[in-house]
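A.B. asks:
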Amino acid sequence: MNVEVGTELPEISQRAELTTSVAYAAASGDLNPLHYDPDFAAGVSPTGGMIAHGMYAMGLASRVLTAFAGGPERVAEVNVRFTRPWPLQTTSTFGGTVTNVDGDVATVQLWGRNDRGEQILKGVGRIRV
Numbered sequence: 001m002n003v004e005v006g007t008e009l010p011e012i013s014q015r016a017e018l019t020t021s022v023a024y025a026a027a028s029g030d031l032n033p034l035h036y037d038p039d040f041a042a043g044v045s046p047t048g049g050m051i052a053h054g055m056y057a058m059g060l061a062s063r064v065l066t067a068f069a070g071g072p073e074r075v076a077e078v079n080v081r082f083t084r085p086w087p088l089q090t091t092s093t094f095g096g097t098v099t100n101v102d103g104d105v106a107t108v109q110l111w112g113r114n115d116r117g118e119q120i121l122k123g124v125g126r127i128r129v
């Protein structure tokens, strides 16, 4: 795989839906009502409403990295930080940029942005090239 610094990874966009949030809560065991109960979320959420699970957003950023790498066996590391909540019923886009290539390891700056262009996630991934 020939990877160069500055290469932009193909982006993916995803709408955070209530049905997805409920399914993710059941699958992950994270049953915090902030992610699926509008009345509860209205009282405690920093956005005033329900928000997507942070790990769901991380999974989407990881999907971008894995697709670019050519499979999960080439992903050596994924670390992200959540910078802003992702409200349900909004769309966010995930992508990345190759920032370093050292031998057979490429470092990728990962990001997620909401539909207003605000960063919701940032991180670093390393892949074997």
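When the count follows UniProt numbering, it moves up by one through the sequence shown with no breaks and lands on 129 for the last residue.
For glycine and all other residues, C-beta sits at the position ideal for the given N, C-alpha and C.
Would you kindly work out how many angstroms separate the C-alpha atoms of Thr66 and Val75, rounded to a whole number?
C.D. replies: In a straight line, the C-alpha of Thr66 is about 6 Å away from that of Val75.
A.B. asks: Use the C-beta contact count for Leu88: other C-beta atoms within 10 angstroms, 16 or more gives buried, fewer gives exposed.
C.D. replies: Leu88 should be labelled buried.
A.B. asks: Pick out whichever of Gly29, Leu18, Arg63, Ser62 has its Cα sitting closest to the Cα of Trp86.
C.D. replies: The shortest Cα separation from Trp86 among Gly29, Leu18, Arg63, Ser62 belongs to Leu18.
A.B. asks: Return the Cβ separation of Leu9 and Val108 in integer angstroms, given the expectation that the two are a contact with Cβ distance under 8 Å.
C.D. replies: So it is a contact: roughly 7 Å between Cβ atoms.
A.B. asks: Around the Cβ of Phe92, are there at least 16 other Cβ atoms within 10 angstroms (buried) or fewer (exposed)?
C.D. replies: Position check: residue 92 holds Ser in this sequence, whereas Phe was assumed. Ser92 should be labelled buried.
A.B. asks: Just reading off the beta strand (DSSP E) that Ala106 is part of, what are its end residues?
C.D. replies: Ala106 -> beta strand (DSSP E) spans 105-114.
A.B. asks: What span of residues does the beta strand (DSSP E) with Asp102 cover, start to end?
C.D. replies: It spans 91-102 - the beta strand (DSSP E) in which Asp102 sits, taken as one unbroken run.
A.B. asks: Excluding the five sequence neighbours on either side, which residues of its own chain have a C-beta within less than 6 Å of the C-beta of Gln14, listed in chain order?
C.D. replies: Excluding sequence neighbours, Gln14 sits near Leu60.
A.B. asks: Starting from Val44 and walking both ways along the alpha helix (DSSP H), at which residues does that stretch end?
C.D. replies: Run containing Val44: 38-44, per the alpha helix (DSSP H) assignment.
A.B. asks: From Pro33, Ala16, Asp102, Leu121, pick the residue whose C-alpha is nearest to that of Val80; which is it?
C.D. replies: That would be Leu121, whose Cα lies nearest to the Cα of Val80.
A.B. asks: How should Gly28 be labelled, buried or exposed, when 16 other C-beta atoms within 10 angstroms of its C-beta is the threshold for buried?
C.D. replies: Inspection of the sequence shows that residue 28 is occupied by Ser rather than by Gly. The residue is exposed, with fewer than 16 neighbouring Cβ atoms inside 10 Å.
A.B. asks: How about Met58 and Val44: do their beta carbons lie closer than 9 Å?
C.D. replies: No, these two residues do not count as a Cβ contact at 9 Å.
A.B. asks: What's the gap between the Cα of Val98 and the Cα of Glu11?
C.D. replies: Spanning the two alpha carbons is a distance of roughly 13 Å.
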